Amino acid sequence: MVSGEVDWNIDLAPAIVDGDGMKVVAAKPGSDAPADDEFLVTQMRGKKSKKTATLPVGTRMSVDATYVRQVARDFLECHRVQEADVEALVTACSGNADADDSWRNATCILEAAGLELVAENDPALWDAPTVVDADELEEALASALTRNSQLPGRGRFRMDRADQEALLTPMLRAKDGLHLALVTSREAVRIILQFAEMVMAGQLKSEYFTLLAVYPSRENDPGVMLLREVSETLRSISAAHLEIEGKRRRLAIQGVEKLDLSSVFFQALGRHLSGQPGQEEIARNIHQLLGDLETITAKLIDAHLPYARRFASRYAEEGEDLEDVFQVAFTGLQKATRRFDPERETPFSLYATAWMRQTISRWRSDERSMIRIPVHRHSDLSALDDAMDRLSKLLGRTPTSAELAADREWSESQVEKLLSVPRVQVEWEEIGHDWGSVPPPQEAYIDQVQTADVIAEALSELDPRQADILRKRFGFDSGVEMTLEEVGQIYGVTRERIRQIEAKALRFLSNAARVRRLRALVGM
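Everything in the sequence shown is counted per numbering that gives the first Met the number 0, starting at 0 for the first residue and increasing by one.
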């Protein structure tokens, strides 16, 4: 090379470097690393490790859907399950799941379905009833054995006014048929009046008769007033000893519809009528109409689940679990199907939106506030405020309780009770982070210790896993409530499985004798 000239023939061969310094190493084909780990092999990044990287994976499970479908149908046909059948079901699963966990999950699903688990050749109730069908059992078993939960309402909501009419018309027709069957049976009307009297007298819990909120101990309670009004209408119609038809029939049907009778009452009514001479046909008719109504209503709700989920996702606030909001919205959707009145000419989707919004707002008020004004008191307090302002301007001073009572036509005791209601809702977040550092008074401390003892006593009757799940869900130990999803991640199961365990534990603890004993511990 001549001095001063540039040699452009550059040597591109790799330079030889002695020692264990950095080298350019490419990935070799046919590596021993598994396919899932190939992306972890370092290429063109210097020295390659001799150790094969391991891809961290969670529990992976699968099972043949056709097999699960057949097993579910066989279980329901036999009305019981042998231990060998569950063992075969668990063995059919592939993946790296723990067999004991799969066994427990499957048996809990079967137990919840009302199927008895027995040993081989063990006598059992072959005709034991169950409340689930094959499709429901198949879905539950597949979810438990694959941890692949099918959350409701995930599809797209496609429904126009004609589609809604196609769902609403048979539901309304079935509802009218059921109410007509009730009012045309004098024995059914007599039982309705008897239950209404027992609820108004405080002798029967309202949920055993109606889905309305009824508080007999409260003065001028709207629920009690409605029961009294409908009872008077039905009693006057029944006392006429005439055929219930025409205008009298319409009034009776409207009255029964206002009662919003619960399924528990319908079951009790069916049992009573089926045992009365000459009432068997009416009992069968009511049972058939009730089944048709529930089936049609379920179709309407299922069709609107995507709408409820979309509403929940848009209406959820920061920090709220979307599934919790969806569950509350679903409750509002159920109420909308029961209360929908086509004569108002309001689209069902708009009507359901109002119910879902109201239900979520009430849920937030219940969940967040330390001191909450009950919903049924808001209208009374608003009327009392109006009377207070009007009389203050008229009299030039603050009106007395007697003057307010005379203006509103209430009793003086009711006015004083309303005046004593706290008017400011204190949010938990407004207390500040120093709440836990403030030493409680001696009385409050004793209450805390006593409450902790009662909780410990109650949880001691559960198995360790049930007790731990309740502690985490309600924050008994840490003070922080965990969602179903968070607890499920800890135990490596689905949120649906955690919900089932929680529900079973709460049913166990709500036994009447157990509740009385726990109340005795706190002197109630």
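Built from N, CA and C at the ideal position, the CB exists for glycine as well. Small disclaimer: the values here were computed from a predicted structure and weren't measured.
{"Item": "Roughly how many angstroms separate the alpha carbons of residue 124 and residue 103, rounded to a whole number?", "Value": "Unreliable placement is indicated for residue 124, whose pLDDT of 45 sits below 50; no coordinate value is reported for it."}
{"Item": "On a CA-only basis, which of 346, 230, 353, 287 is nearest residue 310? Give me that one, please.", "Value": "353"}
{"Item": "Could you round the C-beta distance between residue 182 and residue 252 to whole angstroms and report it? I think they count as a contact, below 8 Å.", "Value": "6 Å"}
{"Item": "Report yes or no: do the segment 336–356 and the segment 302–321 share at least 3 C-beta pairs separated by less than 8 Å?", "Value": "yes"}
{"Item": "Considering only the beta carbon of each residue, do residue 89 and residue 98 sit closer than 8 Å?", "Value": "yes"}
{"Item": "Determine the DSSP secondary structure at residue 185, reduced to helix, strand or coil.", "Value": "helix"}
{"Item": "Return the chain-ordered list of same chain residues with a C-beta closer than 7 Å to the C-beta of residue 143, the five sequence neighbours on each side being excluded.", "Value": "104, 105, 108, 496"}
{"Item": "Count the other CB atoms within 10 Å of the CB of residue 331; is the residue buried (16 or more) or exposed (fewer)?", "Value": "buried"}
{"Item": "Looking only at DSSP bridge pairs, what is residue 93 linked to?", "Value": "61"}
{"Item": "Quick check on the burial criterion: 16 or more other C-beta atoms within 10 angstroms. Buried or exposed for residue 306?", "Value": "buried"}
{"Item": "Span of the alpha helix (DSSP H) holding residue 110?", "Value": "98–111"}
{"Item": "For a quick check, are the C-beta atoms of residue 117 and residue 79 less than 8 Å apart?", "Value": "yes"}
{"Item": "Scan the segment 155–221 and note each continuous alpha helix (DSSP H) run of 4 residues or more that stays entirely inside, going in chain order.", "Value": "160–182, 185–199"}
{"Item": "Mind reading off the beta-carbon distance from residue 390 to residue 406? Whole number of angstroms is fine, and I expect it under 8 Å.", "Value": "6 Å"}
{"Item": "If you compare alpha carbons, which of 206, 235, 248 is closest to residue 259?", "Value": "206"}
{"Item": "Output the distance between the C-alpha atoms of residue 61 and residue 140, rounded to the nearest integer angstrom.", "Value": "12 Å"}
{"Item": "Please state whether the Cβ-Cβ distance between residue 210 and residue 273 is less than 8 Å.", "Value": "no"}
{"Item": "Are there any heavy atoms of the ligand NAP lying less than 7 Å away from the beta-carbon of residue 386, as far as the coordinates show?", "Value": "This structure simply doesn't include the ligand NAP, nor any ligand for that matter."}
{"Item": "Rounded to a whole number of angstroms, what is the C-alpha to C-alpha distance between residue 335 and residue 348?", "Value": "9 Å"}
{"Item": "For residue 289 versus residue 177, is the C-beta spacing smaller than 8 Å?", "Value": "yes"}
{"Item": "Is the shortest distance between the beta-carbon of residue 259 and the beta-carbons of chain B less than 8 Å?", "Value": "Looking for chain B here will not work: only one protein chain is present."}
{"Item": "Please classify residue 79: does DSSP put it in a helix, a strand, or coil?", "Value": "strand"}
{"Item": "In whole angstroms, what is the alpha-carbon distance linking residue 302 and residue 73?", "Value": "30 Å"}
{"Item": "Output the distance between the C-alpha atoms of residue 503 and residue 466, rounded to the nearest integer angstrom.", "Value": "11 Å"}
{"Item": "Relative to the alpha-carbon of residue 185, which residue among 222, 500, 236, 398 has its alpha-carbon at the smallest distance?", "Value": "236"}
{"Item": "Give me the Cα-Cα distance between residue 202 and residue 222, rounded to the nearest whole angstrom.", "Value": "15 Å"}
{"Item": "Report yes if the CB atom of residue 470 is closer than 8 Å to the CB atom of residue 480, and no otherwise.", "Value": "no"}
{"Item": "What are the start and end residues of each continuous alpha helix (DSSP H) run of 4 or more residues lying completely inside the segment 262–311, in chain order?", "Value": "262–273"}
{"Item": "From which residue to which residue does the alpha helix (DSSP H) around residue 418 run?", "Value": "411–418"}
{"Item": "Determine, using beta carbons only, whether residue 264 and residue 339 come nearer to each other than 8 Å.", "Value": "no"}
{"Item": "Quick one: Cα of residue 168 to Cα of residue 320, how far?", "Value": "35 Å"}
{"Item": "Indicate whether residue 285 and residue 304 have their beta-carbon atoms separated by less than 8 Å.", "Value": "no"}
{"Item": "So, at 6 Å on beta carbons, what are the nonlocal neighbours of residue 158 in its own chain, with the 5 sequence-adjacent residues on each side left out?", "Value": "none"}
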